[in-house]
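In the working numbering, the protein residues as written are 762 to 889. Heads up: the structure comes next, in structure tokens.
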Amino acid sequence: PASKLPFVSGHLEQKFRLLMDGRPLWLERQLMEPDHARFKGHWGQGGATVQATLWVVGLDDEAGAIEELRETLPESHRWAVTRRRGVLLLRYLGQERNEAWALCQQAWELIRPRLTGQPASVPRIWLT
């Protein structure tokens with residue numbers, strides 16, 4: 762995206778494992794290939810060039826957190842939030858890196874006080 766060139770060749774395989782006490786809580790594998798229908802089809806990426814995911818584990822009130830996110834974050838069809846097996850999951854799928862970044866930061870600012878009882882601060886890694 763920074764070079765204004767489309768993703769037309771190659772592939773990306775992304776794997777994510779979230780474990781609790783050595784047991785899988787969330788396993789995810791995503792393979793992206795620009796020629797595959799999953800990348801362009803409405804049932805998959807829909808041609809979106811930017812995606813973001815925020816996982817949260819350990820909330821006392823997942824339903825309350827989801828309600829607050831839905832009420833506070835900008836209304837858009839490009840993101841959704843849900844929970845499953847003790848994991849709160851927020852996903853963004855769109856065309857704008859800055860929009861995805863801002864969404865995740867706003868969500869973090871709402872969730873961190875619920876999770877730790879501390880005010881949110883931007884993780885240092887986000888500034889690199």
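Using N, Cα and C, we set each Cβ at its ideal position, and we do this for glycine too. Computed from a predicted model, the values in this text were never measured in an experiment.
8 Å Cβ cutoff met for residue i and residue j
i: L815; j: A868; result: yes
i: W840; j: L864; result: yes
i: E828; j: L849; result: no
Three-state class that DSSP yields for residue i in the structure shown
i: F777; result: strand
i: R839; result: coil
i: A881; result: coil
i: A809; result: coil
i: E829; result: helix
i: L834; result: coil
Buried versus exposed call for residue i [16 or more other C-beta atoms within 10 Å across all chains shown]
i: Q856; result: exposed
i: L851; result: buried
i: L773; result: exposed
i: A826; result: buried
Close beta carbons around residue i, own chain, < 6 Å, minus the five adjacent residues each side
i: R790; result: K776
i: Q812; result: L854
7 Å Cβ shell around residue i - same chain, five flanking residues per side excluded
i: A881; result: W869, E870, R873 and P874
i: S770; result: P795
i: L780; result: L786
Between the region 830-838 and the region 783-803, can you find at least three pairs of beta-carbon atoms closer than 8 Å? no
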